[in-house]
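Protein chains in written order, with this note's numbering: chain A, 211 to 387; chain B, 211 to 387.
Beta carbons are placed, not taken as given, at the ideal position from N, Cα and C, and that holds for glycine.
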């Protein structure tokens with residue numbers, strides 16, 4: 211199966227097994243195709259929404275998605291986050307965390323301070339001005355997401371949330387295995 | 211609502227409306243929270259899988275995710291893709307497409323040729339060696355995805371595929387509006 215999120219690729223060809231052995235092999239293959247199809251469909255929805263949010267953030271607030279993401283992660287930790295921890299929590303790849311932090315520091319939206327437990331390590335947190343700036347953007351961001359997903363019913367959204375929660379738990383369990 | 215995919219954040223506080231007006235407002239707010247929750251859960255599953263695939267690709271084949279993605283896009287277009295078209299089709303952000311293409315060209319996995327319709331534009335395609343190299347990786351990639359999603363039943367996967375298809379159609383419709 212090619213790596214494309216495309217409905218037309220699932221031919222029924224795999225069903226034409228003759229004999230027990232082949233049936234098992236083709237069932238396995240179908241299961242793999244199903245997983246790949248699910249992954250590619252989820253990836254393509256995610257990329258579509260992410261790109262839309264990326265361009266809206268730029269147009270409305272003149273900021274990049276990694277910068278928004280970095281502020282979003284800090285917002286959850288008023289006491290600050292170590293740089294390494296921050297880096298692990300980012301949801302968007304491709305941003306230069308040190309560079310973004312430096313920029314935000316210059317704009318007085320974050321402060322960098324030596325960690326009280328280990329003076330060699332720096333920890334970053336939002337300033338009150340940073341919290342305020344982020345709150346404004348987060349409210350608009352929430353409206354955008356609601357707008358982008360408005361074609362789905364509340365029931366469909368709840369079903370999706372439940373299924374994605376199941377997926378997340380299993381991914382988590384796989385992590386620890 | 212903070213920008214975190216966290217079950218504990220959905221307090222029931224919004225339900226405490228008194229009067230019609232407030233009820234409408236709080237229903238709206240709840241709808242927005244539901245959409246944001248869905249988006250954050252989907253994003254966190256996607257990031258988790260993507261990071262796992264990224265590190266496995268590096269460990270098993272010594273390649274980056276953007277490079278794998280670029281080859282995956284080319285694999286679907288044996289006749290080649292223009293650079294601009296290729297760039298639009300990428301599912302992974304943060305890769306330097308010109309750089310990756312140049313690298314793959316040096317390794318004789320892709321060729322770059324002037325477009326027959328417009329000699330000023332370059333088009334890229336996989337060489338037979340590139341197709342072969344990609345096929346090997348794609349087969350292993352499919353196994354990984356199946357393994358990562360093995361905790362979910364076939365029925366759950368089908369439900370997810372159906373719901374994500376609905377989402378994709380609505381996102382598509384919003385594009386054209």
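Using a CB distance below 7 Å, the part of the region 247-264 of chain A facing chain B consists of 247, 248, 249, 251, 252, 253, 254, 255, 256, 257, 258, 259, ordered along the chain.
Take residue 324 (chain A), set aside five residues on each side of it, and the residues of its chain with a beta-carbon closer than 8 Å to its own are 330, 331, 332, 333, in chain order. Along the region 278-304 of chain B, the positions whose C-beta sits under 7 Å from a C-beta of chain A are 282, 285, 286, 301, 303, 304, read in chain order.
Under the DSSP assignment, residue 296 (chain B) falls outside any beta strand (DSSP E), being part of the alpha helix (DSSP H) whose first and last residues are 293-299. Under the Cβ distance rule, residue 377 (chain A) counts among the residues neighbouring chain B, one pair being separated by less than 7 Å.
Residue state for residue 288 (chain A) is assigned as coil, using DSSP reduced to three classes. In terms of Cβ geometry, residue 311 (chain A) and residue 304 (chain B) do not form a close pair [threshold 7 Å]. Counted as a single uninterrupted DSSP element, the alpha helix (DSSP H) harbouring residue 341 (chain A) occupies residues 338-358. Excluding sequence positions up to five before and after residue 319 (chain B), its CB lies within less than 7 Å of the CB of 336, 337, 339, 340, 343, all in the same chain and listed in chain order.
Within the same chain, and ignoring the five residues on either side of residue 354 (chain A) in sequence, the residues whose Cβ sits closer than 8 Å to its Cβ are 262, 263, 266.
In the three-state reduction of the DSSP assignment, residue 335 (chain A) falls in the strand class, which pools E and B.
For residue 323 (chain A), the uninterrupted beta strand (DSSP E) segment begins and ends at 320-325.
The alpha-carbon of residue 291 (chain B) is positioned some 44 Å away from that of residue 240 (chain B).
Interface with chain B (7 Å Cβ-Cβ cutoff): residue 244 (chain A) is included. No Cβ of chain B is located within less than 7 Å of the beta carbon of residue 310 (chain A).
Residue 371 (chain A) sits away from residue 370 (chain B), with the two beta carbons spaced by 7 Å or more.
A straight-line Cα-Cα distance of about 36 Å links residue 383 (chain B) and residue 273 (chain B). For residue 311 (chain A), the uninterrupted alpha helix (DSSP H) run begins and ends at 307-316, by DSSP.
Burial of residue 244 (chain A) is indicated by the presence of at least 16 other C-beta atoms within 10 angstroms of its C-beta. At least 7 Å separates the beta-carbon of residue 314 (chain A) from that of residue 258 (chain B). Here residue 283 (chain A) is buried: its Cβ has 16 or more other Cβ atoms, across all protein chains shown, within 10 Å.
Of all alpha-carbon atoms in B:299, B:294, B:289, the one lying nearest the alpha-carbon of residue 278 (chain B) is that of B:299. Taking CB atoms only, residue 352 (chain B) has a neighbour in chain A less than 7 Å away.
Closest in C-alpha terms to residue 377 (chain B), from the list A:379, A:367, A:328, comes A:367. At a cut-off of 7 Å between C-beta atoms, residue 273 (chain B) does not count as an interface residue with respect to chain A. Between the beta-carbon of residue 252 (chain B) and that of residue 374 (chain A) there is about 6 Å, and that keeps the pair under the 8 Å contact cut.
Counting of Cβ neighbours within 10 angstroms places residue 276 (chain A) among the buried residues, the total reaching 16 or more. Within the DSSP bridge table, the entry for residue 328 (chain A) names A:325 as partners.
A distance below 6 Å between beta-carbons, with the five flanking residues on each side excluded, links residue 364 (chain B) to no residue of its chain.
With contacts defined by Cβ atoms closer than 7 Å, residue 242 (chain A) and residue 356 (chain B) form a contacting pair.
At a cut-off of 7 Å between C-beta atoms, residue 343 (chain A) does not count as an interface residue with respect to chain B.
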